[in-house]
Each structure stands twice: as C-alpha cells, then as structure tokens.
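Enquirer: Mapping to full-length UniProt numbering: the sequence shown position 102 is 102, numbers consecutive.
By construction, the Cβ of each residue, glycine as well, lies at the ideal position given by its N, Cα and C atoms.
This is the structure I have questions about; it appears just below.
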Amino acid sequence: MEVDYKVNHPITSEEFIELLNRTSLGERRPLESEVIVKAMLDNASLMVTAWLDGKLVGLARSLTDYHYCCYLSDLAVDESVQSMGIGKYLIKKTKEALKPECKIVLLAAPLAEEYYPKIGFDACKSAWVLSDIIKLVI
1 MEVDYKVNHP ITSEEFIELL NRTSLGERRP LESEVIVKAM LDNASLMVTA
51 WLDGKLVGLA RSLTDYHYCC YLSDLAVDES VQSMGIGKYL IKKTKEALKP
101 ECKIVLLAAP LAEEYYPKIG FDACKSAWVL SDIIKLVI
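What follows is the structure, encoded as structure tokens:
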C-alpha cells in the first residue's frame, strides 16, 4: 500500500466530512454546518492530504504566515490506517512547506495528548481559548 501525499490539493466538503467522521475529530467539529465546513477548507493557508487508492485517508489543515507561526488546526488520520506513520508524515510535509524558523503550534484532541510528545512536540501550558465574545472582559 503506497500513500500519495499532496500539498494544497483541493478537496470537497464531503471528502473532508467523511474523513473527520472516521476519526475522533468528527465529534468536535461543526460538520452539520456546510457554511462553516466550506469556510474551513477555503480559508486554510496550507493543506497536506494523504490518499490511499484514491480515497482521502489523512489531512493536515493549517493557518500560517509561513515564516513565524503555523497553527495546525486539524490533523486527521482515518482510524483504519492509524499507526502507519501517516500523521507523522503529514506533519513532516507541513513543516517542509514552511520556512525553517517557522514553528508549528496546535491544540491536541484529548485522545491525542500523549501522541505529540512522542513525535517531538513540546507541551505549552499557556494556551487560551475565547469561544464566546460575550465572555470578553473589557
């Protein structure tokens, strides 16, 4: 089985949704909203995909300036092909598309918290999320 990796190859919303539903990310993404899913794809700065026999089996979707910071928003690998190194290779291909000094930053899914230190990521305990503007204290 040879996996084919592509950089910034367009995918459909349906392919994206189907992949996420075959991962633990599906339950934490607004897949019921076609508008949001389409915007997630249309506004990604960098997307690396993995294909097996013409089927999307992995994706690294990022927002980046390519020089200083790359936010790896989604790293998804079909559960049926996990442990084949696809996730690591998606990250490697993402890093290769960036300038050498550019850092990759991500928020780990609960089931993946132990994965990232094993492949070289350092934990950062100062991440913060503002989900609701109403909570913003001015």
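(1) Less than 8 angstroms between the C-beta atoms of residue 86 and residue 3, yes or no?
(2) On the DSSP bridge list, what partners appear for residue 49?
(3) Going by DSSP in three states, residue 39 sits in which element: helix, strand or coil?
(4) Please confirm whether residue 98 and residue 49 have their CB atoms less than 8 angstroms apart.
(5) When the Cα of residue 54 is compared with those of 107, 15, 88, 31, which residue comes out closest?
(6) For residue 111, I'd like the list of residues in its chain whose CB is within less than 7 angstroms of its CB, leaving aside the five on either flank, ordered along the chain.
(7) Helix, strand or coil: how does DSSP classify residue 129 here?
(8) For residue 67, collect the residues of the same chain with a Cβ closer than 6 angstroms to its Cβ; drop the 5 residues on either side in sequence, then sort them by chain order.
(9) Checking the sheet assignment: what are the DSSP bridge partners for residue 103?
(10) Out of 52, 45, 82, which has the shortest C-alpha to C-alpha gap to residue 71?
(11) Here's a check: name, in chain order, each residue in its chain whose Cβ is nearer than 8 angstroms to the Cβ of residue 142, leaving out the five neighbours to either side.
(12) Taking 7 angstroms as the line, does the beta carbon of residue 34 fall inside it for any heavy atom of the ligand COA?
(13) Can you tell me the Cα-Cα spacing of residue 27 and residue 21, whole angstroms?
(14) If the criterion is Cβ atoms closer than 8 angstroms, does the pair residue 75 and residue 106 meet it?
Expert: A quick look at the data gives this:
(1) Here residue 86 refers to the residue found at position 86 when the sequence shown is read from its first residue. Here residue 3 refers to the residue found at position 3 when the sequence shown is read from its first residue. Against a cut-off of 8 angstroms, the Cβ pair of residue 3 and residue 86 comes out as a contact.
(2) Along the sequence shown, read from residue 1 onward, the residue named residue 49 stands at position 49. Answer is 6, 59, bridged to residue 49.
(3) As a first step, residue 39 must be located in the sequence shown, where it is residue number 39. Correct three-state label for residue 39: helix.
(4) Taking the first residue of the sequence shown as 1, we reach residue 98 at position 98. Taking the first residue of the sequence shown as 1, we reach residue 49 at position 49. No, the pair does not count as a contact, with Cβ atoms beyond the cut-off.
(5) Numbered from 1 along the sequence shown, position 54 holds the residue referred to as residue 54. Nearest of 107, 15, 88, 31 to residue 54, Cα basis: 15.
(6) By 1-based counting over the sequence shown, the position of residue 111 is 111. Excluding positions up to five away in sequence, the list reads 24.
(7) Mapped onto the sequence shown, residue 129 falls at position 129. Residue 129 falls in the coil class under three-state DSSP.
(8) To locate residue 67, count along the sequence shown from 1; it is residue 67. Around residue 67: 99, 102.
(9) Stepping through the sequence shown from its first residue, residue 103 is reached at position 103. In the DSSP secondary-structure assignment, residue 103 is bridged to 69.
(10) As a first step, residue 71 must be located in the sequence shown, where it is residue number 71. Among 52, 45, 82, the Cα nearest to that of residue 71 belongs to 45.
(11) Because the chain here runs from 1 to 138, residue 142 falls outside it and cannot be looked at.
(12) Among the components of this structure there are no ligands whatsoever, and the ligand COA is therefore not found.
(13) Here residue 27 is taken as the residue at index 27 of the sequence shown, counted from 1. Here residue 21 is taken as the residue at index 21 of the sequence shown, counted from 1. One alpha carbon belongs to residue 27, the other to residue 21, and they sit about 7 angstroms apart.
(14) For the purposes of this step, residue 75 is taken as the residue at position 75 of the sequence shown. For the purposes of this step, residue 106 is taken as the residue at position 106 of the sequence shown. Yes, they are a contact pair.
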